[in-house]
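*Asks:*
Chains as they are written, first to last, in the numbering used here: chain A, 10 to 125; chain U, 546 to 659.
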């Protein structure tokens with residue numbers, strides 16, 4: 010089956026620093042990737058949709074200058090949390106699709122970000 | 546407004562018992578509905594996908610139903626196991642002029658006790 014990986018699985022950083030999270034589709038080409046954040050005991054909240062080679066589409070209320078998304082290749086998308094603050098601490102999950110015509114998005118295992 | 550509601554919010558059952566989780570949606574136009582299992586600290590994993598014409602679909606001990614007229618779906622878990630403890634998320638896909646989008650339910654947190 011389709012596998013999506015994320016790196017790192019956990020990261021702890023100091024307030025004010027930037028953190029980059031990678032999302033890779035290991036055995037398929039992902040034209041579309043999604044980034045979600047999830048707070049404890051809550052469901053996933055879509056942050057942005059990225060299509061390979063184009064700018065990401067951000068959901069309302071998500072600061073695009075704070076959460077930089079790059080989808081430079083068909084197997085890699087990155088999310089950079091810039092000038093992280095404690096309130097950015099969350100569980101970040103990516104998913105990938107072969108294309109919007111396909112029915113399934115495959116989720117990565119998630120990245121736990123803790124900002125001190 | 547496109548919304549997905551799930552009930553109950555949380556559920557505790559004993560190992561070996563059956564349970565049914567509910568999903569109601571107001572998403573339109575409907576494309577498909579998928580149930581995911583999310584273990585704590587992990588990404589969601591797909592259990593079943595239901596399209597408009599499908600009423601029932603099984604995947605091992607998981608059986609999903611869909612009533613497109615009433616816009617309701619259920620996930621029935623048979624002979625629960627400790628490993629079934631997780632959050633179960635109902636996700637409905639719809640089409641609009643910009644493509645296809647997903648609406649996530651809040652999830653049901655299931656705890657299976659020995």
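A virtual CB, placed ideally from N, CA and C, is assigned to each residue, including glycine. Computed from a predicted model, the values in this text were never measured in an experiment.
If residue 35 (chain A) sits next to residue 59 (chain A), beta carbons under 8 Å apart, how far is it from one beta carbon to the other, in whole angstroms?
*Replies:* The sequence position of residue 35 (chain A) within the first chain is 26, counting from 1. The sequence position of residue 59 (chain A) within the first chain is 50, counting from 1. About 18 Å; that fails the 8 Å criterion.
*Asks:* According to DSSP, is residue 560 (chain U) helix, strand or coil?
*Replies:* To locate residue 560 (chain U), count along the second chain from 1; it is residue 15. Of the three classes helix, strand and coil, the one that applies to residue 560 (chain U) here is coil, per DSSP.
*Asks:* Excluding five sequence neighbours on each side, which residues of the same chain lie with their C-beta closer than 7 Å to the C-beta of residue 124 (chain A)?
*Replies:* For the purposes of this step, residue 124 (chain A) is taken as the residue at position 115 of the first chain. Correct list, in chain order: 22, 24, 93, 94, 95, 97 and 98.
*Asks:* Could you say which of A:17, A:19, A:113 and A:121 lies nearest to residue 590 (chain U) if we only look at CA atoms?
*Replies:* Translated into positions along the second chain, residue 590 (chain U) becomes position 45. If we check each option's Cα against that of residue 590 (chain U), A:113 comes out closest.
*Asks:* What does the alpha-carbon distance come out to for the pair residue 81 (chain A) and residue 652 (chain U)?
*Replies:* Position 72 of the first chain, counting from 1, holds the residue named residue 81 (chain A). Position 107 of the second chain, counting from 1, holds the residue named residue 652 (chain U). Rounded to the nearest angstrom, the two C-alpha atoms are 32 Å apart.
*Asks:* With burial defined as no fewer than 16 other Cβ atoms inside 10 Å of the residue's Cβ, what is the status of residue 119 (chain A): buried or exposed?
*Replies:* If you number the first chain from 1, residue 119 (chain A) lands on position 110. Its Cβ being crowded by 16 or more others within 10 Å, residue 119 (chain A) is buried.
*Asks:* Residue 575 (chain U) touches chain A at which residues, Cβ-Cβ below 8 Å?
*Replies:* In the second chain, counting from the first residue as 1, residue 575 (chain U) sits at position 30. What residue 575 (chain U) touches in chain A: nothing, since even the nearest Cβ is about 13 Å away.
*Asks:* Using a threshold of 9 Å, state whether the C-beta atoms of residue 631 (chain U) and residue 658 (chain U) are closer than that.
*Replies:* Taking the second chain and counting its residues from 1, the one referred to as residue 631 (chain U) is at position 86. Taking the second chain and counting its residues from 1, the one referred to as residue 658 (chain U) is at position 113. No.
*Asks:* Measuring CB atoms only, is the region 39-51 of chain A touching the region 633-641 of chain U, in the sense that at least three cross pairs come out at less than 8 Å?
*Replies:* Flag = no, the region 39-51 of chain A and the region 633-641 of chain U do not touch.
*Asks:* May I ask you to list the residues that DSSP assigns as paired with residue 55 (chain A)?
*Replies:* Residue 55 (chain A) sits at position 46 when you count from the first residue of the first chain. According to DSSP, which records beta bridges pairwise, residue 55 (chain A) is partnered with A:45.
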